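Residue numbers (mature numbering (1 follows the signal peptide of the UniProt record, and there is no 0)): -24 to -1, 1 to 191. Okay, so here's the structure we're looking at.
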Amino acid sequence: MKPKITFYAISIIIAQLWSANIQADTPNLDLMVKGTIDVPSCTVSVANNGIYDYGKILPTIITSGTGHTDLGKMTKAWSVNCDANTFMTFKVTDNRSESASVSSHDSRTLNTFGLGIVNKTGKLGYYTIKMTNPTVDGEATKLFNTLQTSDTDIYVRHSDIIQGWGSPNSLAIGRDFTADLTVNAYLAGTSIMAGPLTESIDLDGSTTLSFAFGL
């Protein structure tokens, strides 16, 4: 009986050593998933740094009462150029919103922007911004904002309204986006200005365009 017990014990030891040797030779390799999500880099270009300058304005054109004087339209070509395909939208902030006068012929207050304060409490006037001639990579496209989609033009609106190239459910994709932005400024009447002008004053319209892009 004793030799049999010894042989059994030796068999167990050999089996354990063989198993350990097999496990040590098993190769391992990690599967890894990597990559980089790269946000496009874009540059906005416009003549005269986006300044629409009406030059010297004679005070004699200011009307009495609550009327408005049309100063005319000025158009500049805007372009946004990116280093990769992307969509392009933007919001605008009227930095002089408290000074936008109420127009008798345009009550759509989301698309009127302030020109500044005059006579301490008066409002100097307002202006509108119209977006036309949109292209993406040289091809004509649609324009949209939260309130409308158009093949030709839209009024730019503030107060968290989104506007851009394409349509809300089908944004245009490309690298080069262009459009004309036309400013039409109006001077308020003396009643809205809180009296006649007693000294020189500058038009002080200021709007920030905040662009959003990426895929």
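Idealized CB from N, CA, C, for every residue including glycine. Quick caveat: nothing in here was measured; it's all calculated off a predicted structure.
Who are the near neighbours of residue i in its chain, counting only those whose CB is closer than 6 Å to its CB and skipping five residues on each side?
i, result
"Ile177", "Val94"
"Thr19", "Asn57"
"Trp(-7)", "Model confidence at Trp(-7) stands at a pLDDT of 48, short of 50, so the residue's coordinates are unreliable; what they give is reported in the following sentence. No residues qualify anywhere along the chain."
"Asn87", "Thr104, Tyr131, Arg133"
"Thr108", "Asp129, Asp156"
"Glu175", "none"
"Met43", "Checking the displayed sequence, the identity of residue 43 turns out to be Gly instead of Met. Same-chain partners within the cutoff: Gly165."
In three-state DSSP terms, what is residue i?
i, result
"Ala23", "helix"
"Glu115", "strand"
"Asn87", "helix"
"Thr36", "helix"
"Ser73", "helix"
"Gly171", "coil"
"Gly181", "coil"
"Val68", "strand"
"Gly11", "coil"
"Asn4", "coil"
"Ser176", "coil"
Which residues in the same chain as residue i place their Cβ atom closer than 7 Å to its Cβ, once the five residues preceding and following it in sequence are excluded?
i, result
"Glu115", "none"
"Gln124", "Ile130"
"Gly98", "Ile168, Met169, Ala170, Gly171"
"Phe189", "Pro16, Cys18, Cys58, Thr62, Phe63, Met64"
From the DSSP output, read off the bridge partner residues of residue i.
i, result
"Asp152", "Asn57"
"Leu147", "Gly142"
"residue 199", "In the structure as shown, the chain starts at -24 and stops at 191, and residue 199 therefore has no counterpart that could be examined."
"Tyr28", "Partner(s): none; Tyr28 has no beta bridge."
"Asn93", "It is Ile, not Asn, that sits at residue 93 in the sequence shown. DSSP, once it has assigned bridges, lists Lys99 as partnering Ile93."
"His44", "Ala164"
So, under 8 Å CB-CB, residue i and residue j are touching, yes? Tell me the CB distance rounded to an integer number of Å.
i, j, result
"Lys67", "Ile137", "7 Å"
"Ser40", "Thr166", "5 Å"
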